[in-house]
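Chemist:
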Amino acid sequence: MKKKVFLFVGFLCLTFFVGACGQQETKQETITTEESRPIMRSIETDTKKSTKVNTKTVESTDQKEKTEEKQSTEQTKEKEVNTVLLQKYGEAYANFRDLNHRNEKLKGLMTEECIKMNGIDVKTGNALGSEGKVTAIYQNDQEEYAVLLDCIQNGSPIRILLLAKVEDGKIAEMTYNTLKQEY
């Protein structure tokens, strides 16, 4: 009987040690990194990059590659046209003698609907004058633009943020925002 108990206890110990050694926990750690893309990006740097890419001449017999190159070239030209439009738009808001002078400069840059929505066609007696420059132009993924201006209006420095949507080579929607530094 002692022999059976001894064998039974030995068997239990052997089972315990084999089970404990064979069952190692593997800990797997997963690290994920997420890259956030900026909402708005500077239009000047994007235009310069795409211009460099499109100046390379490619001889191709494949019609698909020619079509893609043509579309890329058209998009680059459209961005350049939009950049010129937005520069003129910003300059019109930054530099004017009075509001009527500014509005006259803006009429050629905006759609009829945008002119009416923003009261650009209304004559005013306001003598507000401004001198300034376009500081930067940004674009987001939805083809919306932000034009940042640094101006001096009636002797006071002011920063202006113009938000705009371009359709068919004209400003179709716009918002005028003044920026104020609190601290």
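Under mature numbering (1 follows the signal peptide of the UniProt record, and there is no 0), residues -20 to -1, 1 to 163 are what the sequence shown spells out, in order. We treat Cβ as the ideally placed atom computed from N, Cα and C, and that holds for glycine.
From which residue to which residue does the beta strand (DSSP E) around R139 run?
Modeler: Taken as a continuous stretch (DSSP letters only), the beta strand (DSSP E) holding R139 covers 136 to 147.
Chemist: Would you mind working out which of D121, D130, I23, E123 sits nearest K113, comparing C-alpha positions?
Modeler: Residue D130 is the option with its Cα nearest to K113.
Chemist: Need the endpoints of the alpha helix (DSSP H) that N83 sits in, please.
Modeler: Here the alpha helix (DSSP H) through N83 covers 79 to 87.
Chemist: Can you check DSSP and say which residues form a bridge with E124?
Modeler: Paired residues: K145.
Chemist: Could you check whether M97 and K150 sit closer than 8 Å to each other, using their CB atoms as the reference points?
Modeler: For K150 and M97, no; Cβs fall outside 8 Å.
Chemist: Does N98 come out as helix, strand or coil in the three-state DSSP assignment?
Modeler: Three-state DSSP puts N98 in coil, outside helix and strand.
Chemist: For a quick check, are the C-beta atoms of N62 and V127 less than 8 Å apart?
Modeler: It is not a contact, given that the beta carbons lie outside the stated cut-off.
Chemist: Quick check: what's the CA-CA separation for T83 versus D101?
Modeler: Checking the sequence, you will find Asn at residue 83 rather than Thr. Those two C-alpha atoms are separated by around 7 Å.
Chemist: Nearest CA to the CA of Q119: which residue from I140, K103, A144?
Modeler: Of I140, K103, A144, the residue nearest in Cα terms is A144.
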